[in-house]
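Working notes, beginning with the structure itself.
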Amino acid sequence: MKCSKCGFENKDKAKFCTKCGNPLAVESPQQNVASSNNSKYIIIALIAIIIVLAGVFGYFAMSNGQDSVQSNDASQENASQQAESADDSAKTTTTSSKQTSEVADEKSWESIGSYSGSGSGSQTISVPEGKIMVKLSAYPIKNYATNHLYVTGSNGQSGGVDWGSKSAVETRSDSFTYTSSSEETFVIDYYETVNWEVEFFRYQ
Numbered sequence: 001m002k003c004s005k006c007g008f009e010n011k012d013k014a015k016f017c018t019k020c021g022n023p024l025a026v027e028s029p030q031q032n033v034a035s036s037n038n039s040k041y042i043i044i045a046l047i048a049i050i051i052v053l054a055g056v057f058g059y060f061a062m063s064n065g066q067d068s069v070q071s072n073d074a075s076q077e078n079a080s081q082q083a084e085s086a087d088d089s090a091k092t093t094t095t096s097s098k099q100t101s102e103v104a105d106e107k108s109w110e111s112i113g114s115y116s117g118s119g120s121g122s123q124t125i126s127v128p129e130g131k132i133m134v135k136l137s138a139y140p141i142k143n144y145a146t147n148h149l150y151v152t153g154s155n156g157q158s159g160g161v162d163w164g165s166k167s168a169v170e171t172r173s174d175s176f177t178y179t180s181s182s183e184e185t186f187v188i189d190y191y192e193t194v195n196w197e198v199e200f201f202r203y204q
């Protein structure tokens, strides 16, 4: 056993240093046991702390993973909703286009004025702007004269029917169309007729 004062190595059972006489301290087995027990407790505590820290890190890692999955799911759901919204918008646009086309296709010739009479004479009428169609017909008196029905517009458009002295006595008809951006004036001139009729139509 080494002396703590002079450092001389003594026998293990010696109680005093043979060189300087200093009392030698004998280590108690209980102290060794206590020291050993303390080391074990420290190791166990460190292991427990490591386990707790690992659990905490694992929990947060799993929580972040779930948040990421939920975020991805939400993003996919939003993308799906946006795609559905785009599809609905496209369908609405297509439907609107079809309806507009159908409305355009629903246009037709609508009568805007009908005139009729007999005998001989003339009359003046006003026709509004637009795409106009004029239909006319007449039946002559059998007198071997030059019978007629003429419709003439201020825009130069005209149509009509007539019969010569040797023509068959029968109903004759005619029609013409034009487009004008302003109101036009038409003169209906008829001579020696049993009956006549003129009708104006506008495409609307």
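For what it's worth, the UniProt record's numbering labels the leading residue of the sequence shown as 1, then goes sequentially. Ideal Cβ placement from N, Cα and C applies to all residues, glycine included. All figures in this text were calculated on a predicted structure; none of them were measured in a lab.
Report all residues from its chain with a CB closer than 8 Å to the CB of residue i; omit the five preceding and five following residues, and keep chain order.
i, result
"residue 25", "4"
"residue 128", "112, 183, 202"
"residue 130", "179, 180, 202, 203, 204"
"residue 64", "none"
Is the distance from the Cβ of residue i to the Cβ of residue j below 8 Å?
i, j, result
"residue 153", "residue 177", "no"
"residue 193", "residue 137", "no"
"residue 115", "residue 148", "no"
"residue 188", "residue 125", "yes"
"residue 77", "residue 204", "no"
Under the assumption that residue i contacts residue j (Cβ atoms under 8 Å), give the Cβ distance between them as a whole number of angstroms.
i, j, result
"residue 160", "residue 169", "Actually they do not touch by this definition, with Cβ atoms about 17 Å apart."
"residue 167", "residue 135", "Contact flag wrong, Cβ pair sits at about 21 Å."
"residue 155", "residue 180", "6 Å"
Pull up the distance between the alpha-carbon of residue i and that of residue j, whole angstroms please.
i, j, result
"residue 9", "residue 2", "4 Å"
"residue 118", "residue 165", "19 Å"
"residue 13", "residue 7", "16 Å"
"residue 29", "residue 46", "Per-residue confidence for residue 29 stands at a pLDDT of 49, beneath the threshold of 50, marking its modelled position as unreliable; the derived number appears in the next sentence. Using only the alpha carbons, I get a separation of about 26 Å."
"residue 56", "residue 38", "27 Å"
"residue 15", "residue 52", "49 Å"
"residue 40", "residue 59", "29 Å"
"residue 123", "residue 157", "16 Å"
"residue 173", "residue 195", "12 Å"
"residue 62", "residue 54", "12 Å"
"residue 139", "residue 146", "12 Å"
"residue 199", "residue 82", "56 Å"
"residue 49", "residue 85", "53 Å"
"residue 22", "residue 11", "14 Å"
"residue 80", "residue 44", "53 Å"
"residue 162", "residue 106", "36 Å"
Apart from the five residues just before and just after residue i, which ones in its own chain have a Cβ nearer than 6 Å to its Cβ?
i, result
"residue 19", "6, 8"
"residue 197", "116, 137"
"residue 108", "none"
"residue 141", "192, 194"
Once the 5 residues before and after residue i are set aside, which same chain residues still bring their CB inside 7 Å of it?
i, result
"residue 121", "190"
"residue 42", "none"
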